[in-house]
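Data first, discussion second: the structure below is written as structure tokens.
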Amino acid sequence: MNRFRSALMTIALAAVLCVSFMPVAGFAQANKIIVDGSTTVGPIAKAFAEYYMSKNPGVNITVSESGSGNGAKSLINGTCDIATMSRFMKDEEFKAAVAKGVYPLGTVIAVDGLAVIVHPSCPVQALTTDQIRDIYTGTITNWKELGGPNVPIVLISRDTNSGTYESFEALVLNKQKISDRAEYVGSGGAIRSRVQSTPAAIGYVGLGFVDKTVKALKVNNVYPDPATVTSGLYPIARPLFMFTNGYPKMGSHLYSFLNLYLTQKGQQIIEEIGFVPVTKY
Amino acid sequence: MQRQLLISKGARRFNRLGALFGHSLLGAIASSSVIALLFIFYFIMRDALPFFRIEGVREFFTSTHWYPSRDAPEFGALAIFVGSALVTLGASIVAVPLGILAALCLSDILPFSVRQVAKPVIEMLAAIPSVVFGFFALVVFAPLLQTHGGSIIAAGAWIVFAPLGLVAVAVSSDAAASRLPLKARAAGRVGAAVLMGSLAILALLALTGFLNRLPVSTGTNAFNVSIILGIMALPTIVSVSEDALNAVGRELREGSYALGATRAETLLKVVVPAAASGILAAVILGVMRAVGETMVVWMASGNAARIPSPWFNVLEPVRTLTATIAGDMGEADQVTGSARYHVLFAMALCLLAFAFIMNLVSEYVVRRSRKMRG
Numbered sequence: 152m153n154r155f156r157s158a159l160m161t162i163a164l165a166a167v168l169c170v171s172f173m174p175v176a177g178f179a180q181a182n183k184i185i186v187d188g189s190t191t192v193g194p195i196a197k198a199f200a201e202y203y204m205s206k207n208p209g210v211n212i213t214v215s216e217s218g219s220g221n222g223a224k225s226l227i228n229g230t231c232d233i234a235t236m237s238r239f240m241k242d243e244e245f246k247a248a249v250a251k252g253v254y255p256l257g258t259v260i261a262v263d264g265l266a267v268i269v270h271p272s273c274p275v276q277a278l279t280t281d282q283i284r285d286i287y288t289g290t291i292t293n294w295k296e297l298g299g300p301n302v303p304i305v306l307i308s309r310d311t312n313s314g315t316y317e318s319f320e321a322l323v324l325n326k327q328k329i330s331d332r333a334e335y336v337g338s339g340g341a342i343r344s345r346v347q348s349t350p351a352a353i354g355y356v357g358l359g360f361v362d363k364t365v366k367a368l369k370v371n372n373v374y375p376d377p378a379t380v381t382s383g384l385y386p387i388a389r390p391l392f393m394f395t396n397g398y399p400k401m402g403s404h405l406y407s408f409l410n411l412y413l414t415q416k417g418q419q420i421i422e423e424i425g426f427v428p429v430t431k432y
Numbered sequence: 014m015q016r017q018l019l020i021s022k023g024a025r026r027f028n029r030l031g032a033l034f035g036h037s038l039l040g041a042i043a044s045s046s047v048i049a050l051l052f053i054f055y056f057i058m059r060d061a062l063p064f065f066r067i068e069g070v071r072e073f074f075t076s077t078h079w080y081p082s083r084d085a086p087e088f089g090a091l092a093i094f095v096g097s098a099l100v101t102l103g104a105s106i107v108a109v110p111l112g113i114l115a116a117l118c119l120s121d122i123l124p125f126s127v128r129q130v131a132k133p134v135i136e137m138l139a140a141i142p143s144v145v146f147g148f149f150a151l152v153v154f155a156p157l158l159q160t161h162g163g164s165i166i167a168a169g170a171w172i173v174f175a176p177l178g179l180v181a182v183a184v185s186s187d188a189a190a191s192r193l194p195l196k197a198r199a200a201g202r203v204g205a206a207v208l209m210g211s212l213a214i215l216a217l218l219a220l221t222g223f224l225n226r227l228p229v230s231t232g233t234n235a236f237n238v239s240i241i242l243g244i245m246a247l248p249t250i251v252s253v254s255e256d257a258l259n260a261v262g263r264e265l266r267e268g269s270y271a272l273g274a275t276r277a278e279t280l281l282k283v284v285v286p287a288a289a290s291g292i293l294a295a296v297i298l299g300v301m302r303a304v305g306e307t308m309v310v311w312m313a314s315g316n317a318a319r320i321p322s323p324w325f326n327v328l329e330p331v332r333t334l335t336a337t338i339a340g341d342m343g344e345a346d347q348v349t350g351s352a353r354y355h356v357l358f359a360m361a362l363c364l365l366a367f368a369f370i371m372n373l374v375s376e377y378v379v380r381r382s383r384k385m386r387g
């Protein structure tokens, strides 16, 4: 009897294990959209998702922020529908995608300016791109060289895993090596929190992360704001992408979600978060 | 009557088959962790070895240029190894003396009722998720270090060194007094304690006076992480070494008292030596926790791939192996299998090898202690 019961127990255990390891069904459902990628574009995607789900109950949109590179990877591996990216896809990523039968199609949904931020108490108001490059490559190491107090500059950078870093490297560093003194943090919010608590710090974040607790510097005498970014006057600016596998079927939820940036509400959302819409309604 | 006690052939076969099935299933479940470990080892080896084939061994271990994302990437990880070592050393300095002293207090000095409360509370520290520690280190501790830099370090020095000094004073005054004749012993002990205690306090004051003047330019540095990792390693060290001290047994302590030893003599010459291997195992476990911790170092160590100058300057940011693996994984190209991807596995292999060696050592030490206790 005892042995019989234990046999029954093990069978029940096995059944439970089998069920829990069964592949998750319904991954490719039409009313489920999975978004993955850049932490910069993430807030837009999240606000879009919230708005879209409130208008279309029954549609389920999940947004992850794991970095542009991870977004591309997910799209290539077929584990997401939209890869949000703060840079364009690289050659190798395109090749890997095509080899897997995925055709990545990029849509510019907004423009982002990278603001260079310092502590509010910092007397420096403006820098040139050359000066910023010299700071980040380690040629300028003290604020007194820029007209500030005699304290060493604390460099804050996004991790090399982020699209923000790659844009900064491309737009400012001009292929030079970043100083080995640079500290790396994992998100724009973390850069802001480091800069607002460190008087000697300098950092760079997307326009959406600039608020009153930090001071954004003029670059080449242009203040970063939506007008100067869209007009192309502000030198450190870049487009933000949503990549899909081919163009989505017209009328599908994916199609309407992707094109949300063209609607008035979509542009309002983009502006509210602090980015610049591509078109003006 | 006898026939009824026998089970029919069919039923017996069913029972035997059921038992066999159950045994093999449970056996598979039981061995799954071993299989998982083998798989981890296999996959890390598989992805780590190509790195050494592509880039060679020399640059990885001797260069400090860590530029994995450039067009001409450089994979010098020496600064990262130094960062890991520095942070681990710092955490050990914080956690080991404090942890062992706390364990001694819990097992031999504090009354039983206090211990019943204190030990579970200390063990609860181990249940706090590391991201909470990391958030605290980044948002609370780092700005605090920047604004009150030196005085915080001085306070830290007091917390770590004051208990050590107290024990040293107690022991040495005890030892000094035991040479005096019986009548003068109590007075001599007090006198020696006062003398040595004031000496120790003076030394600490001098040290903290120096630390107080240290400027801290960035709060996310090796010091910050060492303190937090030390706190995280504490519960392991306290709990395991307290168990070891308790396992020494009442007979040994009573025997020592019966021979006329004081409490300090009993503790330091009988109890601690008897529990030494258990304490060593506790230290190794605690250090392993500090080495393997990822979230705290990624959030609060600054992650600058650079050997501090001079090398023991814990007030500069450092980058550790675990943080590098966590931070660089996203962009490392898994699809094309670049060197940038494989270098992370090479680092993981180094960490695994270190963990393996430490585990072997602790296993050996624990086994030896069991043998000694019989």
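Chains A and B supply the protein sequences, listed in that same order. Residues 152 to 432 (our numbering) are what the first sequence spells out, left to right. Residues 14 to 387 (our numbering) are what the second sequence spells out, left to right. Glycine residues also receive a C-beta, built at the ideal position from the N, C-alpha and C atoms. Because the structure is a prediction, the values reported are computed rather than measured.
Residue state for A/N372 is assigned as coil, using DSSP reduced to three classes.
Counted as a single uninterrupted DSSP element, the stretch harbouring A/V253 is not any alpha helix (DSSP H), since DSSP gives it neither H nor E.
Listed along the chain, the chain B residues whose CB falls inside 7 Å of the CB of A/E296 amount to none; the nearest CB is some 16 Å away. Secondary structure of A/Y355 (DSSP, three-state): strand. For A/G354 and A/S205, the gap between their C-alpha atoms comes out near 36 Å.
B/L258 sits close to B/D121, with the two beta carbons spaced by under 8 Å.
Closer than 9 Å at the C-beta level to chain B, one finds these residues of the segment 317 to 345 of chain A: E317, E320, K326, K328, I329, S330, D331, R332, A333, E334, Y335, V336, G337, A341, S344, R345. Assignment of A/I260 by DSSP, reduced to helix, strand and coil, places it in the strand class. Taking CB atoms only, B/V152 has a neighbour in chain A less than 8 Å away.
Interface with chain B (8 Å Cβ-Cβ cutoff): A/V302 is included. Per the DSSP secondary-structure output, A/M393 pairs in a beta bridge with A/T235, A/T258. Going by DSSP, B/S211 is part of the alpha helix (DSSP H) stretching over 198 to 225. Taking 8 Å as the cut-off, the beta carbon of A/S272 is found no closer than this to the beta carbon of B/V152. Contact of B/P330 with chain A by beta-carbon distance below 7 Å involves E334. Per DSSP, the unbroken alpha helix (DSSP H) holding A/K416 starts and ends at 415 to 424.
Of the residues B/Q129, B/S105, B/A98, the one whose Cα lies closest to the Cα of B/L247 is B/S105. Taking a contact as a CB-CB distance under 8 Å, the pair B/R332 and B/A313 does not count as one, their CB atoms being some 12 Å apart. Between B/S186 and B/I297, the C-beta spacing is not below 8 Å. The residue from B/T231, B/S97, B/V184 with its alpha-carbon nearest to that of B/M209 is B/V184. Residues of chain A whose Cβ lies closer than 7 Å to the Cβ of B/Y55 do not exist, since the nearest Cβ in that chain is about 21 Å away. Taking 8 Å as the cut-off, the Cβ atoms of B/T101 and B/G89 do not count as close. By the C-beta criterion, the segment 299 to 313 of chain B is judged to be in contact with the segment 237 to 253 of chain B, since at least 3 inter-stretch pairs fall below 8 Å.
For B/Y80, the residues of chain A that pass the 7 Å Cβ criterion are K328, in the order they occur in the chain. Proximity of chain A to B/R25 at the Cβ level (cut-off 9 Å) is not reached, the minimal Cβ distance being about 10 Å. Rounded to whole angstroms, the separation of the alpha carbons of A/K363 and B/I292 is 52 Å. When the alpha-carbon of A/G209 is set against those of A/H404, A/V305, A/N228, the nearest one is in A/H404.
Per DSSP, the continuous alpha helix (DSSP H) segment holding B/S185 begins and ends at 155 to 190. At a beta-carbon threshold of 8 Å, the residues of chain B lying near A/D310 are N316, G340, D341, ordered along the chain. Put simply, the CB of B/W311 is near chain A, with a gap under 8 Å to one of its CB atoms. A/G188: member of the beta strand (DSSP E) spanning 183 to 188, first to last residue. When rounded, the separation of the alpha-carbon atoms in B/M371 and B/I93 is 20 Å. Taking a beta-carbon distance threshold of 8 Å, A/A198 does not count as an interface residue toward chain B. A/A351 reaches chain B at S230, counting residues in chain order whose Cβ is nearer than 7 Å. Taking a beta-carbon distance threshold of 8 Å, A/S225 does not count as an interface residue toward chain B.
Not one beta carbon of chain A lies nearer than 8 Å to the beta carbon of B/A235. Per DSSP, reduced to three states, the secondary structure at A/S215 is strand.
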